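Below: the structure, in structure tokens.
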Ligand SMILES: C[S@@+](CC[C@H](N)C(=O)[O-])C[C@H]1O[C@@H](n2cnc3c(N)ncnc32)[C@H](O)[C@@H]1O
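Residue numbers (our numbering): 100 to 518.
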């Protein structure tokens, strides 16, 4: 094992916030270090191919190091890159995307990471409840770090305040909540869902939260029963030039500013595309398909999602915006529809990426263009490599920093068949 107490220069940073040190044959991951730091470290663990360490003495701080500016940083499992300058975070995430693709044999050019505002960006937060306080899980545990010193900086400050007030009131009513999820519209209307184990008799008491949020539902995680106390069970919001309703149960991009950037990237890929039918698979509330259908009224679109509530929202959102050239289907993204063979396909799957059966479906559909939107560079690169095997070419890889200060990065890839 490398001697504890050695002095090292950190040469790289990974997205989980570890500085990387190369020591002969060994790689050392130093928690809280950033490229350019010169530090004395103490080894904290040894795995087969690498060591872990912590900094004991920061001898020469890196020019890329900044004050994390959050009292929970290092403790809370949410953010991992608050000790790196925001521009450096963009560089780090670009390298993460690049190395994922290289790992699968793809040496394509990666675009610079497009970065929205670094703080207060989340429009939805799921707070864990810990007695009269809320917080987030401590790194790699299920213990809650309570937000008792300052609000969480990833969301507007009133999210933490409302969640803490709600937890304190629930506690005083002897109601044991597990989670309080709050989602905001662009204009600031809030919808909340309180998750509990069992439905309390005193549930009507929760009507007092009308002052804080415009919609409130209670979810019993044991019986899976949902009770809506007041409001619409979601938010009405504006995004991508659309007026949208998003139910509490439906997925929606958590960063409005970041999602607008993401949509501009996606939309620009269609500028020179020659297509007549476009499938929006894993469509959620239908946002990509709807915004594109509005932009291209003479083309046809269809969307598929497994989540019934999201598809109901998508259908209502098409009506609300007077968009007639799109249809929605509830089911597995691999399902057959009566729409015909799409010449363009958008896929926006969860982190696990595409199931092998979905890859087979794409191979059979063989669209001219495939737009792949992903929050996981590893599964994205793995699936893109499969499509390359089937003759697709990678035309563009564009990362967007949808989740600033965390380890996560969203990436859009355009692939085309043939040229
Ligand atoms: C990352 S979200 C993207 C949603 C949407 N494109 C958006 O940007 O708002 C992934 C979506 O995939 C859906 N989903 C997960 N597994 C699915 C499957 N096997 N078939 C269809 N949809 C699925 C989820 O319900 C969720 O709405």
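For glycine and all other residues, C-beta sits at the position ideal for the given N, C-alpha and C.
These figures come from a predicted structure and were not determined experimentally.
Buried/exposed call for residue i, threshold 16 Cβ in 10 Å
{"i": "residue 144", "result": "exposed"}
{"i": "residue 402", "result": "buried"}
{"i": "residue 110", "result": "exposed"}
{"i": "residue 509", "result": "buried"}
{"i": "residue 475", "result": "buried"}
{"i": "residue 301", "result": "exposed"}
{"i": "residue 439", "result": "exposed"}
{"i": "residue 132", "result": "buried"}
{"i": "residue 322", "result": "exposed"}
Coil, strand or helix - residue i by DSSP
{"i": "residue 388", "result": "helix"}
{"i": "residue 397", "result": "coil"}
{"i": "residue 473", "result": "strand"}
{"i": "residue 405", "result": "coil"}
{"i": "residue 362", "result": "helix"}
{"i": "residue 482", "result": "helix"}
{"i": "residue 274", "result": "coil"}
{"i": "residue 254", "result": "coil"}
{"i": "residue 422", "result": "coil"}
{"i": "residue 292", "result": "strand"}
{"i": "residue 487", "result": "helix"}
{"i": "residue 262", "result": "helix"}
{"i": "residue 509", "result": "strand"}
{"i": "residue 110", "result": "coil"}
{"i": "residue 314", "result": "strand"}
From the options, residue whose alpha carbon lies closest to that of residue i
{"i": "residue 288", "options": "337, 246, 205 and 180", "result": "337"}
{"i": "residue 393", "options": "417, 275, 188 and 516", "result": "417"}
{"i": "residue 276", "options": "284, 266 and 285", "result": "266"}
{"i": "residue 312", "options": "141, 125 and 262", "result": "262"}
{"i": "residue 347", "options": "224, 203, 433 and 309", "result": "224"}
{"i": "residue 140", "options": "169, 147 and 108", "result": "108"}
{"i": "residue 296", "options": "318, 309, 310 and 283", "result": "318"}
{"i": "residue 471", "options": "381, 359, 159 and 397", "result": "381"}
{"i": "residue 425", "options": "379, 469 and 362", "result": "379"}
{"i": "residue 147", "options": "131, 159 and 125", "result": "125"}
{"i": "residue 195", "options": "358, 304 and 113", "result": "113"}
{"i": "residue 117", "options": "158, 512, 368 and 134", "result": "134"}
Whole-number beta carbon distance between residue j and residue i, since they are thought to touch under 8 Å
{"i": "residue 353", "j": "residue 221", "result": "5 Å"}
{"i": "residue 408", "j": "residue 314", "result": "14 Å between Cβ atoms; not a contact."}
{"i": "residue 467", "j": "residue 443", "result": "7 Å"}
{"i": "residue 237", "j": "residue 174", "result": "6 Å"}
{"i": "residue 326", "j": "residue 334", "result": "About 19 Å separates the two Cβ atoms, so there is no contact after all."}
{"i": "residue 129", "j": "residue 153", "result": "7 Å"}
Test: residue i CB closer than 8 Å to a CB of chain C
{"i": "residue 162", "result": "Included in the structure is just one protein chain, with no chain C present."}
heavy atom of ligand 2 below 7 Å from residue i C-beta
{"i": "residue 231", "result": "As for ligand 2, it is missing from this structure, which binds only ligand 1."}
Where in the region 157 to 240 do unbroken runs of the beta strand (DSSP E), each at least 3 residues long, occur, reported from the N-terminal end onward? 223 to 229 and 232 to 236
Going residue by residue through the region 434 to 468, where are the continuous alpha helix (DSSP H) segments of at least 4 residues, counting only ones entirely within it? 455 to 464
Considering only residues of the region 321 to 347, which uninterrupted beta strand (DSSP E) runs meet the minimum length of 3 residues and lie entirely inside it, listed in chain order? If only complete runs of 3 or more residues are kept, the region 321 to 347 shows the beta strand (DSSP E) at 325 to 329, 333 to 338 and 341 to 346, in order along the chain.
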